[in-house]
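For reference, the structure discussed in these notes is given below.
Protein chains in written order, with the working numbering: chain H, 19 to 423; chain S, 362 to 628.
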């Protein structure tokens, strides 16, 4: 399973994603639920490893799936700050959940990656060839905010002068089967980050699961030439205006369920001016500096690089591993840790994510998926923290203005 | 390297104080690595492995166990004087161990319960970490320690570099392994967010909460976690017991079970 075949799709075609044919989606068609199984089979036959949602250890996570039976049919999740629970749905929806703890970044920016190995040779050393190329992945069920997250990380890993070869190759080869959101978790805030609940681009195929009034079908929109080719093999039936309207209604329902938001207006400037805000000390009393928020974040990219040598000292390997601005080692430079306090670490994370990220990478570092809220063991809510920083800062600004006048 | 003489081997000694021997067994447990290790270092004193002992001084002393008798106090000072580097291995040597529970009770009561003739027993009222008595160069945490980390310590010093042992919490190991958080997804009390990594998130990977056998990570916010556990419905007794195991005497955990005891008494 998952073995690399020659002639891997996407390799070297120099094309990431086609622009959509028509804004708002190409001609849509309809598929029965069983056709999702056919889609998985076809993609696997074409050499893709199919990665999608599946139930594991009390959560719906992304892992390799082989067929329809691996999907979390009839299951959903209920989320609150610091809390995630699986629940049963009243229907057989295949994609009726929200988001789980694992983001797709695990496949583009692996938690541990061997960069190369070296062997002692006389007075010097020889570099061993790097590991095999990343496999071609089909991402089944990527959500709109997650496509945005992948784009944010693409700017980090491939947007500058030094392109990360693993990320670039994995991204180019990936086949994206998006699933448009028809519901929102209590932790979601994609609406205010303009990343969802509907994706207009960035996918090869986009599915909307139509579930109302006993219906169970998928509206399918192709987003690329690759997507159209795969879709043609499935022989879909054309969708009419009624089905399109139901898909739009599903999006509106998800939108109406969004209960959290971030006010992005002037946020980088506000954060820059709020570095001594008392809120940082308050959140530090609750924050465990455990790094969970950064590990589940689809855009956090901090890592550490380690040399691992064997007992004889003849061979060494260089490994890249996920790290976090919440760990003491991450900010350790010669002689000490430059961010020893949790207050300083939380401030670094939030001001980078929502503030300085703009200057560094040209966008916010947040896509509003809400994972950091749900998977924080003590339930710290970024939207609440940002709102608190804004209120205090407004007051400070007003006080300054009053003083000046 | 081939044309330069081999560097002198690191002269290593292994010592035991109040402990179960599990940590020094980790060294013997390095089955596949044992022969190459033996080529890198000279084992000068390791009674669990060999009766042959060489006199000091030693380059590296690995010290297991806590200080619980007046004789221990004398002996650790002597060992410190004989050792260029002194590394504690395990919860006992680094924090006092499970036997430090006596620090929070009357030792006479325990003596009467356990021993038929308590007057033969000469013991201190407390179980203390090695660092309470002598300078320690490195504290390797765990109950028991991880053999991979032990090898890293020995190899690092044999190669004249600093050991690389993570100081982050167990959560990082869980997330790198793709493990679902047992606290968030099941409400299971877990010390992972305040416990130093090194075990490979062993318990959470078997859907159990972490019970802190690698001790508090540096800067652990055990109070913040304790408050959250209370919010999730964990009662004072359960929380007190969670913090009073192998690292009961580590300050971050000690404060919590002391608080828990006070809460229980007031409720």
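Just so you know, even glycine gets a beta-carbon here, dropped at the ideal spot from N, CA and C.
is_contact[residue i, chain S] using C-beta, thresh 8 Å
i, result
"residue 303 of chain H", "yes"
"residue 342 of chain H", "yes"
"residue 116 of chain H", "no"
"residue 88 of chain H", "no"
"residue 121 of chain H", "no"
"residue 406 of chain H", "no"
"residue 42 of chain H", "Residue placement at residue 42 of chain H is poorly supported in this model, since its pLDDT is 45, which falls under 50; the coordinates still yield a value, given next. Chain S contact via Cβ: absent."
"residue 39 of chain H", "At residue 39 of chain H the pLDDT is 43, less than 50, meaning the model places this residue with poor confidence; the figure from the coordinates comes in the next sentence. Judged by the 8 Å Cβ criterion, residue 39 of chain H is not in contact with chain S."
"residue 209 of chain H", "no"
"residue 402 of chain H", "no"
"residue 129 of chain H", "yes"
"residue 226 of chain H", "no"
"residue 105 of chain H", "no"
"residue 74 of chain H", "yes"
"residue 346 of chain H", "yes"
"residue 324 of chain H", "yes"
Range of the contiguous alpha helix (DSSP H) that encloses residue i
i, result
"residue 71 of chain H", "Run containing residue 71 of chain H: none in the alpha helix (DSSP H); it sits in the beta strand (DSSP E), 67-74."
"residue 337 of chain S", "An answer regarding residue 337 of chain S cannot be provided, because it is not within the stretch 362 to 628 covered by chain S."
"residue 369 of chain H", "360-369"
"residue 455 of chain S", "452-456"
"residue 205 of chain H", "No alpha helix (DSSP H) contains residue 205 of chain H, which DSSP labels as neither H nor E."
"residue 184 of chain H", "183-191"
"residue 250 of chain H", "243-251"
"residue 398 of chain S", "392-401"
"residue 226 of chain H", "Per DSSP, residue 226 of chain H belongs to no alpha helix (DSSP H); it is in the beta strand (DSSP E), 223-228."
"residue 156 of chain H", "Here residue 156 of chain H belongs to no alpha helix (DSSP H); instead the beta strand (DSSP E) covers 155-160."
"residue 63 of chain H", "51-63"
"residue 434 of chain S", "431-443"
Residue i: contacting residues in chain S (beta-carbon distance under 7 Å)
i, result
"residue 102 of chain H", "545 and 546"
"residue 77 of chain H", "541 and 546"
"residue 124 of chain H", "539"
"residue 137 of chain H", "Simply none; closest approach about 13 Å."
Under 8 Å by beta carbon: chain S residues contacting residue i
i, result
"residue 149 of chain H", "Here the premise fails: no neighbours, minimum Cβ distance about 17 Å."
"residue 360 of chain H", "580 and 582"
"residue 314 of chain H", "536"
"residue 339 of chain H", "537"
CB contact check: residue i to chain H, cutoff 8 Å
i, result
"residue 536 of chain S", "yes"
"residue 591 of chain S", "no"
"residue 586 of chain S", "yes"
"residue 527 of chain S", "yes"
"residue 375 of chain S", "no"
"residue 532 of chain S", "yes"
"residue 622 of chain S", "no"
"residue 604 of chain S", "no"
Chain H residues whose Cβ lies nearer than 8 Å to that of residue i
i, result
"residue 555 of chain S", "306 and 308"
Per-residue contacts from residue i into chain H (C-beta, under 7 Å)
i, result
"residue 516 of chain S", "329"
Any non-hydrogen atom of the ligand SAH within 7 Å of residue i CB
i, result
"residue 291 of chain H", "Inclusion of the ligand SAH in the displayed structure is not the case, the ligand content being empty and no account of it being possible."
Under 9 Å by beta carbon: chain H residues contacting residue i
i, result
"residue 403 of chain S", "By Cβ distance, chain H contributes nothing, its closest Cβ being about 15 Å from residue 403 of chain S, past 9 Å."
"residue 610 of chain S", "Correct list: empty, because the minimum Cβ distance to chain H is about 21 Å."
Bounding residues of the beta strand (DSSP E) (the contiguous stretch that carries residue i)
i, result
"residue 379 of chain H", "Counting along the chain, residue 379 of chain H falls outside any beta strand (DSSP E), though it belongs to the alpha helix (DSSP H) covering 375-379."
"residue 141 of chain H", "Taken as a continuous stretch (DSSP letters only), residue 141 of chain H belongs to no beta strand (DSSP E), as it is neither H nor E."
"residue 328 of chain H", "Element bounds for residue 328 of chain H: n/a, residue is neither H nor E."
"residue 423 of chain S", "419-425"
"residue 499 of chain S", "499-501"
"residue 377 of chain S", "371-377"
"residue 97 of chain H", "93-98"
"residue 240 of chain H", "235-240"
"residue 392 of chain H", "Segment 389-392 is the alpha helix (DSSP H) holding residue 392 of chain H; no beta strand (DSSP E) there."
* To do: Compile a chain-ordered list of the residues in the segment 383-400 of chain H whose CB is closer than 7 Å to at least one CB of chain S.
  => 392, 393, 395 and 396
* Which residues, in order along the segment 439-473 of chain S, keep a beta-carbon less than 8 Å from a beta-carbon of chain H? -> none
* Okay, do the segment 471-489 of chain S and the segment 509-526 of chain S touch, 3+ Cβ pairs below 8 Å being the bar? -> no
* **Residues from the segment 554-584 of chain S in contact with chain H, defined by Cβ distance under 7 Å** => 554, 555, 568, 579, 580 and 582
* Mind listing which residues of the segment 389-416 of chain S have their C-beta closer than 7 Å to chain H's C-betas, in chain order? -> 394, 397, 398 and 401
* Asked: Between the segment 465-473 of chain S and the segment 401-421 of chain S, are three or more C-beta pairs nearer than 8 Å?
  -> no
* Asked: Below 8 Å, can you find three or more Cβ-Cβ pairs linking the segment 545-553 of chain S to the segment 317-337 of chain H?
  -> no
* Counting Cβ pairs closer than 8 Å, one from the segment 336-350 of chain H and one from the segment 123-140 of chain H, do we hit at least three? -> yes
* Contact between the segment 87-99 of chain H and the segment 199-215 of chain H (3+ Cβ pairs under 8 Å) -> yes
* Asked: Is there contact between the segment 85-92 of chain H and the segment 53-60 of chain H, where contact requires at least three CB pairs shorter than 8 Å?
  -> yes
* Is the segment 534-544 of chain S touching the segment 490-503 of chain S, taking contact as three or more C-beta pairs under 8 Å? -> no
* Asked: If we count Cβ pairs, one from each stretch, closer than 8 Å, do we get three or more for the segment 64-84 of chain H versus the segment 133-141 of chain H?
  -> no
* **Three or more C-beta pairs below 8 Å linking the segment 317-328 of chain H and the segment 260-273 of chain H** => no
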